[in-house]
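*Asks:*
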Amino acid sequence: MSKRKTIKAFFKKKDVSNSEIRTPVAVETNVNTSIPDEHPSKCPKLQFEEIDRDPGTRKQICEFPINKQDEIRRAYLINGPYQPKDIVYPYNNDTHHRRFQPLWFISHEDWLEYSPSTDALYCLPCYLFSKKPIGRPGSDVFISTGFNNWKKVKDGMNCPLIRHEGKEPNSPHKIAVKCCEDLQNYSRHIDKLIEKQTSKKLENNRLRLKTSIECARWLAFQACAFRGHDESLDSKNRGNFIELIKFTSTFNDKVASVVLENAPGNAKYTLPTIQKEILHILANNVQNAIREEIGDAKFCILVDEARDESKKEQMAIILRFVDKEGFIKERFFHVVHVRDTTALTLKNEICAVLSRYNLHIENIRSQGYDGASNMRGEWNGLQALFLKDYPYAYYVHCMAHKLQLPLVTASREVKDVHQFFDHLVNIINIVVGSSKRSDELQHAQAEQVENMIASNEIETGRVINTISEEGANYKQRGDAKGAYQVLTSFEFILILHLMKEIIGITNVLCQALQQQSQDLLNAMHLVSTTKSLIQELRDDGWEPLLASVISFCEQHEIDIPDMNARYTKGRGRYRRQDDNLTMEHHFRIGIFTVAIDFQLQELKSRFCELTTELSKIYFLIDRLIRLVLTLPISTATTERAFSAMKLLKTRLRNRMEDEFLADNMIVYIEKEIAGNFTIEMIMDEFYSMKNRRQT
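Next up, the structure:
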């Protein structure tokens, strides 16, 4: 029986004599082509003519054979960027005779190269991992053509060397640097093999997250609620967020295969915490974008407070500034919940928000508030506290609020006008006090809609007269009869037409003052124009107004008093006549002139001419023009912010957290900025917030 063979018998050592060992012949080069021992087969020796250190004369990487490109890349990386320092750098041909400075090697030592043959700069990583030219201007400057415009190098953040590196983590230069690191680190090659095995899983994760981000951003832009009352699988309405994902998946089979029930339990990206994180990333990016938009410029703060649906006091902060292109911008920056509205509390919260985003408080050049005592107080108001620490933070009272005060004053001080508004409120309450009366009014208007368009007829009196005769009880009939008598009186019609004229004139100014791009000089010009129009109405407007009122009364069969008859004051036993006071005198002097005089007096006192001096002094200097444009006109932007808050925090959403409310408002109001962020940027920040599943 033969001896059993072991496995070692199949592998016999071969005796190799020393004469059979071949020693490779080294080729002299100016490149260190040593290859790591762990992969000797992948690193053959390179010929001298294949490696040219001068960036201006070397071949492009795409011109080498594909199977040799990685070895050529390694050879260049071992030698590093070509940075000759012991040579004389030539001057260029411009008038300032600029030339390359060796100190630039220190700032960009990892990638910057200089070519003596072309007197230009190049980027080694971008050269090594560049593709074929795409034909776009400037795409191959640091790869093949070279950069030698020396005057732009000292242009601060606009320096072409800094811009070439890029701010974003996925800039072409940083991607090339990452490829160089991966090529030098052999262990990364093993990682890439592992990543290829799970690429499908990672692709699904990114698609799932992208869908969640797009749905969250769309809901924020439309001021819609995210969550539902019941988000279980059996629910018929799982909330806007999940329902929107389901709706999106119906148009894309690829999305439908990875979201909701088809997603793994630990990577669905639909939890409320995920929704809040996505929205917070968007809001934070908007605030950072506004911060970069302001830069080092001076700015103004517009502040106001209001209660939300849950009775919390919320303070809105608006920043007004002039951007680099010279346009006036008012940006909603933040909303903060404050426990009280004292001036000191508001100041501390404002300073905390500005400091958090590195906005220097000493750059505040104006404050814009309404007329509340805690804001405009001369000694302890918010504006006074800021002025104590920052004397250049001038306080400007909201001009839109100022414009409302003359109208309120006229309605209070002129007795007949005050009674007119009281009667008007009573008439409105009677007509719209019930759905039945409101329907009767709409029905009456529908019957005569064509005539109303042609002749401006109004059928309100007919409805009130019907209520006075057919009301449900004596109180309704009595109130309607009294309202009908007031409504069909000549004095009521006169004041109605007068207030229509006055409010029509001031409404143009009111709308202009609420524009975000409004500046101080134009605003004061509009105020001056409004004063002139009201003065013109006082001087020449009585006769046209009286003719219009008489025509209206004749058209609606309203009694017209004799204008030359004596005016009777009072009622009942207190009635008395004045021989020197006619009805026309009462209507023209006692109502028309007095009401307009109160308007003019209030406008002149509240919009004094001292404010215009600032704009007259600074019109020649750009820096001071920007300061004048920064001064606020009104706080209308804060009022718009509170209108948005009412859309977002409703009765059904009154448990919304303060941070979630602030993020919602920022994204909704500044959707123009929030819409510019790419999905990749948001996903990168989302995964950098904490340790998550790899994407």
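Quick note: the sequence shown uses UniProt numbering, first residue 1, plus one each step. Don't be surprised by glycine CBs; every beta carbon is placed ideally from N, CA and C. As the structure is a prediction and not an experimental result, all values here were calculated from the model.
Just reading off the alpha helix (DSSP H) that residue 597 is part of, what are its end residues?
*Replies:* For the purposes of this step, residue 597 is taken as residue 597 along the sequence shown, with counting starting at 1. From DSSP, the alpha helix (DSSP H) with residue 597 extends over 594-606.
*Asks:* So, using beta-carbon positions, are residue 684 and residue 169 closer together than 8 angstroms?
*Replies:* Position 684 of the sequence shown holds residue 684. Position 169 of the sequence shown holds residue 169. Yes, the pair counts as a contact, with Cβ atoms nearer than the cut-off.
*Asks:* Going by Cα to Cα distance, which pick from 88, 93 and 95 is closest to residue 102?
*Replies:* Position 102 of the sequence shown holds residue 102. Comparing Cα positions, the closest option is 88.
*Asks:* Excluding the 5 residues preceding and the 5 following residue 678 in the sequence, name in chain order all residues of the same chain whose CB lies nearer than 6 angstroms to its CB.
*Replies:* If you number the sequence shown from 1, residue 678 lands on position 678. Contacts found: none.
*Asks:* Check whether the region 249-265 and the region 201-211 touch, using three or more Cβ-Cβ pairs below 8 angstroms as the test.
*Replies:* yes
*Asks:* Skipping 5 residues on each side, what residues in its chain have a beta carbon closer than 6 angstroms to that of residue 717?
*Replies:* This structure cannot settle anything about residue 717, because the visible part of the chain is limited to 1 through 695.
*Asks:* Apart from the five residues on each side of it in sequence, which residues of its chain come closer than 7 angstroms, Cβ to Cβ, to residue 724?
*Replies:* Any property of residue 724 remains undetermined from this structure, which presents the chain solely from 1 to 695.
*Asks:* So, does the region 524-539 touch the region 498-510, judging by three or more C-beta pairs under 8 angstroms?
*Replies:* yes
*Asks:* Please list the terminal residues of the continuous alpha helix (DSSP H) segment that includes residue 349.
*Replies:* Position 349 of the sequence shown, counted from the first residue, corresponds to residue 349. Unbroken alpha helix (DSSP H) run through residue 349: 343-356.
*Asks:* Can you give the Cα-Cα distance for residue 400 and residue 406, rounded to whole angstroms?
*Replies:* Here residue 400 corresponds to residue number 400 of the sequence shown, with the count starting at 1. Here residue 406 corresponds to residue number 406 of the sequence shown, with the count starting at 1. Cα to Cα, residue 400 sits roughly 11 angstroms from residue 406.
*Asks:* To test your reading of the DSSP string, which unbroken alpha helix (DSSP H) runs of 4 or more residues are found completely within the UniProt domain "TTF-type" (96-196)?
*Replies:* Look at the UniProt domain "TTF-type" (96-196) and you find these whole runs of alpha helix (DSSP H), each 4 residues long or longer: 103-107, 124-128, 160-165 and 172-184.
*Asks:* Is it true that the region 390-398 meets the region 577-594, where meeting means three or more beta-carbon pairs spaced less than 8 angstroms apart?
*Replies:* With the cut-off at 8 angstroms, the region 390-398 and the region 577-594 do not touch.
*Asks:* Secondary structure at residue 553, three-state DSSP: helix, strand or coil?
*Replies:* Counted from its first residue, the sequence shown places residue 553 at position 553. It is helical.
*Asks:* Do residue 645 and residue 314 have their C-beta atoms within less than 8 angstroms of each other?
*Replies:* Walking along the sequence shown from the start, residue 645 turns up at place 645. Walking along the sequence shown from the start, residue 314 turns up at place 314. Cβ atoms of residue 645 and residue 314: closer than 8 angstroms.
*Asks:* Tell me whether the beta-carbon of residue 278 lies closer than 8 angstroms to the beta-carbon of residue 686.
*Replies:* The sequence position of residue 278 within the sequence shown is 278, counting from 1. The sequence position of residue 686 within the sequence shown is 686, counting from 1. Result yes, Cβ atoms of residue 278 and residue 686 sit closer than 8 angstroms.
*Asks:* Taking 8 angstroms as the cut-off, decide whether the C-beta atoms of residue 341 and residue 374 are in contact.
*Replies:* Numbered from its first residue, the sequence shown carries residue 341 at position 341. Numbered from its first residue, the sequence shown carries residue 374 at position 374. For residue 341 and residue 374, yes; Cβs fall inside 8 angstroms.
*Asks:* Three or more C-beta pairs under 8 angstroms: does that hold for the region 557-571 against the region 581-588?
*Replies:* yes
*Asks:* Can you give me the C-alpha to C-alpha distance between residue 64 and residue 128, rounded to a whole angstrom?
*Replies:* Counted from its first residue, the sequence shown places residue 64 at position 64. Counted from its first residue, the sequence shown places residue 128 at position 128. Looking at the two C-alpha atoms, the distance is approximately 11 angstroms.
*Asks:* Under 8 angstroms between the Cβ atoms of residue 53 and residue 79?
*Replies:* Position 53 of the sequence shown, counted from the first residue, corresponds to residue 53. Position 79 of the sequence shown, counted from the first residue, corresponds to residue 79. Taking 8 angstroms as the Cβ cut-off, residue 53 and residue 79 qualify as a contacting pair.
*Asks:* Excluding the 5 residues preceding and the 5 following residue 682 in the sequence, name in chain order all residues of the same chain whose CB lies nearer than 8 angstroms to its CB.
*Replies:* For the purposes of this step, residue 682 is identified with residue 682 of the sequence shown, where counting begins at 1. Cβ neighbours of residue 682 beyond the five flanking positions: 213, 278, 281, 282 and 285.
*Asks:* How should residue 389 be labelled, buried or exposed, when 16 other C-beta atoms within 10 angstroms of its C-beta is the threshold for buried?
*Replies:* By 1-based counting over the sequence shown, the position of residue 389 is 389. Flag for residue 389 reads exposed.
*Asks:* Secondary structure at residue 329, three-state DSSP: helix, strand or coil?
*Replies:* As a working mapping, residue 329 is identified with position 329 in the sequence shown. DSSP places residue 329 in strand when its eight states are reduced to three.
*Asks:* Might you give, ordered along the chain, the residues of its own chain that have their beta carbon closer than 8 angstroms to the beta carbon of residue 690, omitting 5 neighbours on each side?
*Replies:* Within the sequence shown, residue 690 is the residue found at index 690, counting from 1. Excluding positions up to five away in sequence, the list is empty.
*Asks:* Taking the alpha-carbon of residue 316 as reference, which of 669, 673 and 126 has the nearest alpha-carbon?
*Replies:* Position 316 of the sequence shown holds residue 316. Out of 669, 673 and 126, 669 has the C-alpha closest to the C-alpha of residue 316.
*Asks:* Drop a sphere of 10 angstroms on the beta-carbon of residue 586, count the other beta-carbons inside from all chains shown, and report buried for 16 or more, exposed for fewer.
*Replies:* As a first step, residue 586 is located in the sequence shown; it is residue number 586 there, counting from the start. So residue 586 ends up on the buried side.
*Asks:* Please go through the same chain and pick out, in chain order, the residues whose beta-carbon is closer than 8 angstroms to the beta-carbon of residue 261, but skip the five residues on each side of it.
*Replies:* Position 261 of the sequence shown, counted from the first residue, corresponds to residue 261. Closer than 8 angstroms at the Cβ level, and outside the excluded window around residue 261, lie 233.
*Asks:* Using only CA atoms, which one of 304, 499, 310 and 312 lies nearest to residue 319?
*Replies:* Taking the first residue of the sequence shown as position 1, residue 319 is located at position 319. Looking at the Cα atoms, 304 is the closest of the given residues.
*Asks:* Measure how close the beta-carbons of residue 423 and residue 492 come, nearest whole angstrom, since I'm counting them as under 8 angstroms.
*Replies:* Position 423 of the sequence shown, counted from the first residue, corresponds to residue 423. Position 492 of the sequence shown, counted from the first residue, corresponds to residue 492. Right, their Cβ atoms sit about 7 angstroms apart.
*Asks:* Look up residue 317 in the DSSP assignment and say whether it is helix, strand or coil.
*Replies:* Here residue 317 refers to the residue found at position 317 when the sequence shown is read from its first residue. If DSSP states are grouped into helix, strand and coil, residue 317 belongs with the strands.
*Asks:* Considering Cα atoms alone, identify which of 383, 371 and 366 is closest to residue 348.
*Replies:* Along the sequence shown, read from residue 1 onward, the residue named residue 348 stands at position 348. Looking at the Cα atoms, 383 is the closest of the given residues.
*Asks:* Are the beta-carbon atoms of residue 502 and residue 534 separated by less than 8 angstroms?
*Replies:* Start at 1 with the first residue of the sequence shown, and residue 502 comes out as number 502. Start at 1 with the first residue of the sequence shown, and residue 534 comes out as number 534. Going by C-beta atoms, residue 502 is nearer than 8 angstroms to residue 534.
*Asks:* Would you list the one or two residues that DSSP bridges to residue 306?
*Replies:* In the sequence shown, counting from the first residue as 1, residue 306 sits at position 306. Answer by DSSP bridge pairing, in chain order: 314.
*Asks:* DSSP state of residue 409, grouped into three classes?
*Replies:* Counted from its first residue, the sequence shown places residue 409 at position 409. If DSSP states are grouped into helix, strand and coil, residue 409 belongs with the helices.
*Asks:* What does a CB cutoff of less than 7 angstroms around residue 150 pick up in its chain, not counting 5 residues either side in sequence?
*Replies:* Along the sequence shown, read from residue 1 onward, the residue named residue 150 stands at position 150. Same-chain partners within the cutoff: 92, 98, 99 and 100.
*Asks:* Have a look at residue 107 and residue 173 and give me their C-alpha separation to the nearest angstrom.
*Replies:* Taking the first residue of the sequence shown as 1, we reach residue 107 at position 107. Taking the first residue of the sequence shown as 1, we reach residue 173 at position 173. If you draw a straight line from the Cα of residue 107 to the Cα of residue 173, it comes to about 16 angstroms.
*Asks:* Using CA atoms only, rank isn't needed, just tell me which of 673, 369, 680 and 649 is closest to residue 312.
*Replies:* For the purposes of this step, residue 312 is identified with residue 312 of the sequence shown, where counting begins at 1. Measuring from the Cα of residue 312, the nearest candidate turns out to be 649.
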